[in-house]
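According to my numbering, the stretch in the sequence shown is residues 3 to 343, in order.
Don't be surprised by glycine CBs; every beta carbon is placed ideally from N, CA and C.
Some notes on the structure that comes next.
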Amino acid sequence: MTSAASPARPQWQPGLEEKYAELGQRLEPLLPCLEWPLHLPWIEAINELKRQRGAVIMAHSYQSPEIFHGVADVTGDSLALAQAAADCDAELIVLCGVHFMAETAKILAPHRTVLIPDPEAGCSLASSITAEDVRALRARHPGAPVVSYVNTSAAVKAESDACCTSANAVEVVEAMGADKVIFLPDRFLGSFVAAQTDIELVLWDGRCEVHEQFTAQQARHARERYDARLVAHPECPPEVQAEADFVGSTTAMGAWLEKEKPERVALITECSMADNLRARFPAVEFIKPCNLCPHMKKITLPNIHACLLDLKHEVSVPADVAARARGALQRMLAVGRRDRA
Ligand code: 13P
Ligand code: SF4
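Here it is as C-alpha cells:
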C-alpha cells in the first residue's frame, strides 16, 4: 500500500536470513515465513541507510510489525514519541506515524530535520477541527482555557493553552486551574476525561474513524466467545469503554498487560497494536480486531527507504505557528505522563 510508485526492491544478499535470525524467530507468529523474506532486503537497506545518515527512526505503536520491530529505534504512543523528539540528539528524524506526529516532532525539535515517509498520512481527528473553530469556541466560552489532544494540526495547537495525549489528558485538564475547560477534538476521549474530573468540559464532536466503529456488542462477544479480558483505547465510544477491564493509551495497554498477565486479551484498538505487543508477551493469547488505520498504513518499508534515500517529505511548520504550538506542547510535557494501570 504505497501512495507513490515504489522504488526497486533492494537485492537479496546471501547471509541476510542468518543476520536477522533472532528477529525473524521472534516475529514468526506475526510474519509467517512466506512473508519474512519479502521484508528482509528492505529492512537491511533501511538500517544501512539509517547508519549512513545518522538518522533515528521513530514508530508509533500502530505501525506494521516489520516497521515497528524491523527498523524503528524508538517506539511508543504519541506521548513517548513527542518526548523522544524533544530529547533527540540526531540531526535527522524519520517519523513513522501520521502527519500530526511528525509535526509535533518538528515543533519540539526545531533544529532537526524531520521526514515523514508519506505526507498524506492524516488523521480523522486532526482534520475535524481548524484554528478558526478554536477561536470561535473561545469566543463562546470566554476565559475557558483550551486543551487540545495532540491529534490536531500545528495551527490548532497554536490556538491552545496546552496539549495532551490519551496518557495524560486528566492531569493536563486539572493542571489548567479552571472550573471549565474547552477540550478538543475527540468527543469520546473527552467523555473519558469528564468522568474522572469535576471540571466542566466543553467538547467538540471529533471522532477517530477507526475506534468509533467498535461496538459494545463486539466487546461482549469477545469476552464471551473467547473468555478474554478486554482492553480499550479511550477513543472508543463510551459504551465500549464501559465493557472493558482497562481503558488507556497504547503504552498504558502494555503496562497493564505487564501487571495483569492475562491468559487471553482482546485489544479494542488498531490492528497492529496486538501484533506489536504479541512479540513482547509471547505467553498471552491476543484476540485482535482487523480495524486498520488507513493513515498509519500509508507508511511502508519502501516509502521509508525512499524518504531516507532522497531525503524527501521534510516536515515544516511556519515559525510563528511553531512557537505558539511549542508553548502548548511544553505545557503538556511539564505536566508529565500518567499511565492508567
Ligand atoms: P496514543 O496517544 O495512545 O498513541 O494514540 C494515538 C492515536 O492516534 C490513537 O488512535
Ligand atoms: Fe487518527 Fe484514529 Fe488513525 Fe489514530 S487511529 S491516527 S486517531 S484516524
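Burial state of residue i, where buried means 16 or more other Cβ atoms lie within 10 Å
{"i": "W14", "result": "exposed"}
{"i": "P144", "result": "exposed"}
{"i": "L313", "result": "exposed"}
{"i": "E161", "result": "buried"}
{"i": "C292", "result": "exposed"}
{"i": "S168", "result": "buried"}
{"i": "M3", "result": "Reliability fails at M3, whose pLDDT of 42 lies under 50, so the model's placement of it is uncertain and the value that follows must be treated cautiously. Exposed, since its Cβ has fewer than 16 Cβ neighbours within 10 Å."}
{"i": "C90", "result": "buried"}
{"i": "D207", "result": "exposed"}
{"i": "C35", "result": "exposed"}
{"i": "A6", "result": "For A6, the predicted model reports a pLDDT of 48, less than 50, meaning its position is unreliable and no value from the coordinates is stated."}
{"i": "A47", "result": "buried"}
{"i": "E134", "result": "exposed"}
{"i": "G192", "result": "buried"}
{"i": "H113", "result": "exposed"}
{"i": "P236", "result": "buried"}
{"i": "G179", "result": "exposed"}
{"i": "E272", "result": "buried"}
{"i": "R339", "result": "At R339, the pLDDT of 48 sits below 50, so the modelled position is not reliable and the matter cannot be decided from this model."}
{"i": "P264", "result": "buried"}
{"i": "E105", "result": "buried"}
{"i": "H213", "result": "buried"}
{"i": "D188", "result": "buried"}
{"i": "A1", "result": "The requested residue 1 is not part of the displayed model; the chain covers only 3 to 343."}
{"i": "H307", "result": "buried"}
{"i": "A141", "result": "exposed"}
{"i": "R328", "result": "buried"}
{"i": "P39", "result": "exposed"}
{"i": "A197", "result": "exposed"}
Supposed close pair residue i, residue j - CB separation, criterion 8 Å
{"i": "S80", "j": "V148", "result": "Actually they do not touch by this definition, with Cβ atoms about 18 Å apart."}
{"i": "L186", "j": "I109", "result": "Not confirmed; about 18 Å, so no contact."}
{"i": "Y22", "j": "S274", "result": "Actually they do not touch by this definition, with Cβ atoms about 20 Å apart."}
{"i": "A61", "j": "I69", "result": "5 Å"}
{"i": "L232", "j": "A244", "result": "Not a contact, Cβ separation roughly 10 Å."}
{"i": "V76", "j": "A86", "result": "5 Å"}
{"i": "A268", "j": "A218", "result": "Between A218 and A268 the Cβ distance is about 13 Å, and since that is not below 8 Å, they are no contact."}
{"i": "V286", "j": "V116", "result": "34 Å between Cβ atoms; not a contact."}
{"i": "C165", "j": "L32", "result": "Not really, about 32 Å apart at Cβ, beyond 8 Å."}
{"i": "F102", "j": "T154", "result": "6 Å"}
Cβ pair residue i, residue j closer than 9 Å
{"i": "A234", "j": "I184", "result": "no"}
{"i": "C210", "j": "L127", "result": "yes"}
{"i": "L310", "j": "R55", "result": "yes"}
{"i": "R266", "j": "F288", "result": "yes"}
{"i": "H41", "j": "G72", "result": "yes"}
{"i": "V337", "j": "A156", "result": "no"}
{"i": "E226", "j": "T199", "result": "no"}
{"i": "P119", "j": "C98", "result": "yes"}
{"i": "R333", "j": "D163", "result": "yes"}
{"i": "A262", "j": "D277", "result": "According to the sequence displayed, residue 262 carries Glu and not Ala. Result no, Cβ atoms of E262 and D277 do not sit closer than 9 Å."}
{"i": "A57", "j": "A92", "result": "yes"}
{"i": "V195", "j": "A230", "result": "no"}
{"i": "H297", "j": "P121", "result": "no"}
{"i": "R326", "j": "K182", "result": "no"}
{"i": "A84", "j": "I95", "result": "no"}
{"i": "T302", "j": "G78", "result": "no"}
{"i": "V174", "j": "F216", "result": "no"}
Delimiting residues of the alpha helix (DSSP H) encompassing residue i
{"i": "E226", "result": "218-228"}
{"i": "M298", "result": "No alpha helix (DSSP H) contains M298, which DSSP labels as neither H nor E."}
{"i": "V136", "result": "133-142"}
{"i": "K21", "result": "18-21"}
{"i": "A336", "result": "321-337"}
Enclosing beta strand (DSSP E) for residue i [first to last residue]
{"i": "E2", "result": "There is no way to answer for residue 2, as the model of the chain reaches only from 3 to 343."}
is_contact[residue i, chain B] using C-beta, thresh 9 Å
{"i": "T77", "result": "Protein chains in the displayed structure number just one, and chain B is not present."}
* Segments of 3+ residues assigned as beta strand (DSSP E) that fall wholly inside the stretch 234-283 -> Counting only runs of 3 or more, we get 266-270.
* Asked: At which residue ranges does the stretch 152-207 contain complete alpha helix (DSSP H) runs of 4 or more residues, listed in the order of the chain?
  -> 156-160, 171-177, 189-196
* Asked: Unbroken beta strand (DSSP E) runs of length 3 or more, entirely within the stretch 26-114: which are they?
  -> 57-62, 76-78, 94-98
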